[in-house]
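Asks: Take this structure, written in structure tokens, and hold onto it; I'll ask about it next.
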Amino acid sequence: MKTFIILLITAITVAVAQQNLISPRVSPPARVMQGIGFASVTLSYSSPSVKGRQVWGGLVPYADKDDARPWRAGANENTTITFSHPARVEGREIPAGTYGLHMIIRPEKATVIFSRDNKAWGSYSYTPRHDQLRVEVKMETAPFTENLTYGFKNTGPESTTAYLRWAEKEIPFTISFDSDEITYENYREQLTGTAGFSASSWGRAAEFCLD
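Just so we're aligned: the sequence shown equals residues -17 to -1, 1 to 194 in mature numbering (1 follows the signal peptide of the UniProt record, and there is no 0).
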């Protein structure tokens, strides 16, 4: 028994000693969210820096064929995008959910890939079999940005434009929701709760339906 305990303590000590020290990440994690009515879009990513290097056509190589291996669109784990409700990206339907975001980059355009696999490390295990959607968008010139950044612009009651911005380039893609349908369903759910005991709540819901 004594020998077993000694062996167990030794094994635990060795296992602990072999654990890697956790240090701050060179490419820190970031998250950005945009609300559109009752819907929302959230992007979670890691943010690498330029550090004087050539990004486009260098760190991020240009693809020479349509089935080229995509870029992780960030650093470390999958960059992910979450749609709270069914949406449209560049006019094409995509179900609600969280997707791994990948991109195939060319000098003037990018293919943005939404993968059902959102747990991978980078794009190393990427496979087209998990694609939910691909859209092609134009690369645009933008003010120099040292740290890779995602954001939103041109946001309205039904749509927004998400973008990746790094170095001197921007990759934008439009996202839209059926805001009327989402609002209708939200009001209907609210009216089954305490809001349903308020006459003004029913009045506001009726006005919305008539509009």
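Here a beta-carbon is modelled for each residue, glycine too, at the ideal position from N, C-alpha and C.
#1: Am I right that ARG71 and SER106 are in contact with their C-beta atoms under 8 Å? What's the rounded C-beta distance?
#2: How is the beta strand (DSSP E) around GLU119 delimited, first residue to last?
#3: What's the call for ASN61, buried or exposed, on a 16-neighbour Cβ count within 10 Å?
#4: Who pairs with ARG26 in a beta bridge, going by DSSP?
#5: Between ALA58 and the rest of its own chain, which residues show a CB-CB distance below 6 Å, the 5 nearest in sequence each way excluded?
#6: Taking the DSSP output, what are the residues bridged to ARG148?
#7: State whether the stretch 116 to 125 contacts the stretch 73 to 92, with contact taken as three or more CB pairs (one from each stretch) at a distance under 8 Å.
#8: Would you mind stating whether residue 199 and ILE87 have Cβ atoms separated by less than 8 Å?
#9: State yes or no: is the C-beta of TYR133 within less than 8 Å of the C-beta of VAL15?
#10: Look up PRO111 in the DSSP assignment and say whether it is helix, strand or coil.
#11: Indicate whether GLY35 and PRO140 have their beta-carbon atoms separated by less than 8 Å.
#12: Can you check whether the CB of HIS85 is closer than 8 Å to the CB of ALA22?
#13: Which class does ARG71 belong to by DSSP, given the choice of helix, strand or coil?
#14: Considering Cα atoms alone, identify which of ILE154, ASN101, THR143 and LEU131 is closest to SER162.
#15: Is it right to say GLU168 is buried, meaning 16 or more other beta carbons lie within 10 angstroms of its own, or is it exposed?
#16: Tell me the rounded alpha-carbon separation between ALA46 and GLY18.
#17: Could you check whether VAL24 and ILE154 sit closer than 8 Å to each other, using their CB atoms as the reference points?
Replies: In short:
#1: Here residue 71 refers to the residue found at position 88 when the sequence shown is read from its first residue. Here residue 106 refers to the residue found at position 123 when the sequence shown is read from its first residue. That belief does not hold up - the Cβ atoms of ARG71 and SER106 are roughly 24 Å apart, past 8 Å.
#2: Counting from one through the sequence shown, the residue named residue 119 turns up at place 136. Per DSSP, GLU119 is one residue of the beta strand (DSSP E) stretching across 114 to 121.
#3: As a first step, residue 61 is located in the sequence shown; it is residue number 78 there, counting from the start. It counts as buried.
#4: As a position in the sequence shown, residue 26 is number 43, starting the count at 1. The amino acid occupying residue 26 in the given sequence is Leu; Arg does not appear at that position. VAL15 and ILE64.
#5: Working through the sequence shown from its first residue, we reach residue 58 at position 75. Annotation for ALA58: SER10, SER29 and PRO31 place their beta carbon closer than 6 Å to its own, counting only its chain and skipping 5 residues before and after.
#6: Along the sequence shown, one-based indexing puts residue 148 at 165. Answer by DSSP bridge pairing, in chain order: THR132 and GLU153.
#7: yes
#8: Since the first residue of the chain shown is -17 and the last is 194, residue 199 is not available in this structure.
#9: On the sequence shown, residue 133 is found 150 positions in, with the first residue counted as 1. On the sequence shown, residue 15 is found 32 positions in, with the first residue counted as 1. Their beta carbons are under 8 Å apart, which means TYR133 touches VAL15 by this criterion.
#10: Within the sequence shown, the letter at position 128 stands for residue 111. Reduced to three states, the DSSP call for PRO111 is helix.
#11: Translated into the one-based positions of the sequence shown, residue 35 becomes position 52. Translated into the one-based positions of the sequence shown, residue 140 becomes position 157. No, Cβ-Cβ distance for GLY35 and PRO140 is not below 8 Å.
#12: For the purposes of this step, residue 22 is identified with residue 39 of the sequence shown, where counting begins at 1. For the purposes of this step, residue 85 is identified with residue 102 of the sequence shown, where counting begins at 1. Between ALA22 and HIS85, the C-beta gap is not smaller than 8 Å, which leaves the two residues out of contact.
#13: Taking the first residue of the sequence shown as 1, we reach residue 71 at position 88. The answer is strand: DSSP assigns ARG71 an E or B state.
#14: Here residue 162 refers to the residue found at position 179 when the sequence shown is read from its first residue. Ranking ILE154, ASN101, THR143 and LEU131 by Cα distance to SER162 puts THR143 first.
#15: Taking the sequence shown and counting its residues from 1, the one referred to as residue 168 is at position 185. Exposed, by the Cβ-count rule.
#16: Position 63 of the sequence shown holds residue 46. Position 35 of the sequence shown holds residue 18. Taking the straight line from one Cα to the other gives about 33 Å.
#17: The residue you call residue 154 lines up with position 171 of the sequence shown. The residue you call residue 24 lines up with position 41 of the sequence shown. Cβ atoms of ILE154 and VAL24: not closer than 8 Å.
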